[in-house]
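Structure first, then comments.
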Ligand code: HEM
């Protein structure tokens, strides 16, 4: 039965990966080109999120630089996670489908080394979440998130204008981070049981013994890997297409020049009122 399930997982996993690329990324990219978003962002270097940040007091951290939104430990954490995750993915895929000969020892050792590193990194991430007390950025939702979430979804489906940035993360993006943590926990848990079946302890009885438990965990490890790849692919694509200036701060410590937006207007909805100055009294009144 496990053998049949493994074949199904490979087949569905392949279809899922192809579906994400053909069904989401390619059409979304084509629509972004046709609607002028690619040109606006990557040719004109104009980002609505930055314009909003400079012109609309209700935006998250109005007129502030982006850097302080991302504390240094989180940036380091993300790099360690990213590199470890990529190496675990490549070495794991090789363990499953050895696509060249002679690499088994290197790939297994790489998987074993980075599985410790990513697990320690994850534990440190939770420690930081606890001590920095910023779990609310990721784990709380309220009523305002409903209408905001709809405007985010409309923007990404090309049926609405650029959306607001009212909190650190928008309501569609926010659950992605706890989802990644949960998936990493599951991956570590299943991985350590594959490696040392005795880790399963008393629970192995449910599966018919440690060896059977390890075989089932290998299946779960593999399924979870597919979901992680799907989530990480979408996360990376949208992060690059829509939030590149933030990505440059987060990855390369490179702050965008927000002063550039000081004299620009953002979209109509986010303009500050124009002021008419009375020369004699010096008083200013909004003009419409
Ligand atoms: C988080 C900690 C992780 C641990 C403890 C872990 C552990 C393991 C172990 C022990 C194996 C079996 C290696 C062997 O047969 O020599 C394995 C296989 C594998 N791992 Fe991981 N791993 C982890 C993370 C990851 C991640 C993040 C990915 C991918 C994104 C991944 C993908 C794979 C794949 C595709 C296989 C092959 C599974 C198969 O043969 O069906 N692993 N892992």
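Numbering (my numbering), first residue to last: -4 to 283. Think of the CB as a built atom: it goes at the ideal place given N, C-alpha and C, for glycine as much as any other residue.
Give me, in chain order, the residues of the same chain whose beta-carbon lies closer than 6 Å to that of residue 20; leave out the 5 immediate sequence neighbours on both sides. Looking up residue 20 in the chain shown gives position 25. These residues qualify, in order along the chain: 232.
In angstroms, rounded to a whole number, what distance separates the CA positions of residue 243 and residue 126? The sequence position of residue 243 within the chain shown is 248, counting from 1. The sequence position of residue 126 within the chain shown is 131, counting from 1. Cα to Cα, the separation comes out at about 26 Å.
Report yes if the C-beta of residue 120 is less than 7 Å from at least one heavy atom of ligand 1; otherwise report no. The residue you call residue 120 lines up with position 125 of the chain shown. Outside the cutoff, so no.
C-alpha distance - residue 160 paired with residue 11, whole-angstrom precision: Looking up residue 160 in the chain shown gives position 165. Looking up residue 11 in the chain shown gives position 16. Cα to Cα, residue 160 sits roughly 31 Å from residue 11.
contact_flag[the stretch 170 to 188, the stretch 57 to 65] where n(CB pairs < 8 Å) is 3 or more: They do not touch, by the three-pair rule.
Buried or exposed for residue 201, please, with buried defined as at least 16 other CB atoms from any protein chain shown within 10 angstroms of its CB. Working through the chain shown from its first residue, we reach residue 201 at position 206. So residue 201 counts as exposed.
Measure the beta-carbon distance from residue 245 to residue 73 and round it to whole angstroms, keeping in mind my assumption that it falls under 8 Å. Taking the first residue of the chain shown as 1, we reach residue 245 at position 250. Taking the first residue of the chain shown as 1, we reach residue 73 at position 78. Sure, about 7 Å apart at Cβ, within 8 Å.
Mind reading off the beta-carbon distance from residue 90 to residue 106? Whole number of angstroms is fine, and I expect it under 8 Å. Counting from 1 along the chain shown, the entry for residue 90 is found at position 95. Counting from 1 along the chain shown, the entry for residue 106 is found at position 111. With a Cβ gap of about 6 Å, residue 90 and residue 106 count as contacting.
Measuring straight from C-alpha to C-alpha, what distance separates residue 149 and residue 18? In the chain shown, the residue the question calls residue 149 occupies position 154. In the chain shown, the residue the question calls residue 18 occupies position 23. Each residue's Cα considered, the two are about 18 Å apart.
Can you have a look at residue 267 and say buried or exposed, based on whether 16 or more other CB atoms are within 10 angstroms of its CB? Reading the chain shown from its first residue, position 272 is the one you call residue 267. Below a pLDDT of 50, predicted positions are generally treated as unreliable, and residue 267, at 44, falls in that range; the measurement from the model is reported next regardless. Looking at its Cβ environment, which holds fewer than 16 other Cβ atoms inside 10 Å, residue 267 is exposed.
Under 8 Å between the Cβ atoms of residue 15 and residue 229? Looking up residue 15 in the chain shown gives position 20. Looking up residue 229 in the chain shown gives position 234. Against a cut-off of 8 Å, the Cβ pair of residue 229 and residue 15 comes out as a contact.
Is it buried or exposed for residue 81, if we count other Cβ within 10 angstroms and need 16 for buried? Counting from one through the chain shown, the residue named residue 81 turns up at place 86. Label assigned to residue 81: exposed.
Evaluate the contact criterion for the stretch 160 to 171 versus the stretch 131 to 146: three or more CB pairs, one atom per stretch, below 8 Å. yes
Okay, do the stretch -3 to 4 and the stretch 207 to 216 touch, 3+ Cβ pairs below 8 Å being the bar? Three or more beta-carbon pairs drawn from the stretch -3 to 4 and the stretch 207 to 216 are found closer than 8 Å, and the two stretches are therefore classed as touching.
Please specify which runs of the alpha helix (DSSP H), each continuous and at least 4 residues long, are wholly inside the stretch 106 to 165, giving them in chain order. 131 to 134 and 139 to 151
Starting from the N-terminal end, write out each residue whose C-beta falls within a distance shorter than 6 Å of any non-hydrogen atom of ligand 1. 80, 83, 84, 87, 88, 90, 91, 103, 106, 110, 113, 114, 179, 182, 183, 186, 187, 189, 190, 213, 216, 217, 220 and 223
Could you spell out where the alpha helix (DSSP H) holding residue 67 opens and where it closes? The residue given as residue 67 occupies position 72 in the chain shown. Element bounds for residue 67: 67 to 91.
From which residue to which residue does the alpha helix (DSSP H) around residue 96 run? For the purposes of this step, residue 96 is taken as residue 101 along the chain shown, with counting starting at 1. Careful: residue 96 lies outside any alpha helix (DSSP H) and carries neither H nor E.
So, using beta-carbon positions, are residue 182 and residue 217 closer together than 8 Å? Working through the chain shown from its first residue, we reach residue 182 at position 187. Working through the chain shown from its first residue, we reach residue 217 at position 222. Result no, Cβ atoms of residue 182 and residue 217 do not sit closer than 8 Å.
For residue 206 and residue 77, what's the separation of their Cα atoms in angstroms? By one-based count along the chain shown, residue 206 stands at place 211. By one-based count along the chain shown, residue 77 stands at place 82. The alpha-carbon atoms of residue 206 and residue 77 are separated by roughly 31 Å.
If you draw a straight line from the alpha carbon of residue 93 to that of residue 100, how long is it in whole angstroms? Indexing the chain shown from 1 puts residue 93 at position 98. Indexing the chain shown from 1 puts residue 100 at position 105. Across the structure, residue 93 and residue 100 are spaced so that their CA atoms are roughly 11 Å apart.
Please confirm whether residue 79 and residue 121 have their CB atoms less than 8 Å apart. Taking the chain shown and counting its residues from 1, one reaches residue 79 at position 84. Taking the chain shown and counting its residues from 1, one reaches residue 121 at position 126. Cβ distance not < 8 Å, so residue 79 and residue 121 don't count as in contact.
Please report how far the alpha carbon of residue 234 lies from the alpha carbon of residue 112, in whole angstroms. For this step, residue 234 is matched to residue 239 along the chain shown. For this step, residue 112 is matched to residue 117 along the chain shown. Near 25 Å, if we compare the C-alpha coordinates of residue 112 and residue 234.
Given a threshold of 16 other Cβ atoms within 10 Å of its Cβ, counted over all protein chains shown, does residue 158 qualify as buried or as exposed? Numbered from 1 along the chain shown, position 163 holds the residue referred to as residue 158. Under this definition residue 158 is a buried residue.
Grab the span of the alpha helix (DSSP H) containing residue 43 for me, first residue to last. The count along the chain shown starts at 1 and reaches residue 43 at position 48. Taken as a continuous stretch (DSSP letters only), the alpha helix (DSSP H) holding residue 43 covers 43 to 50.
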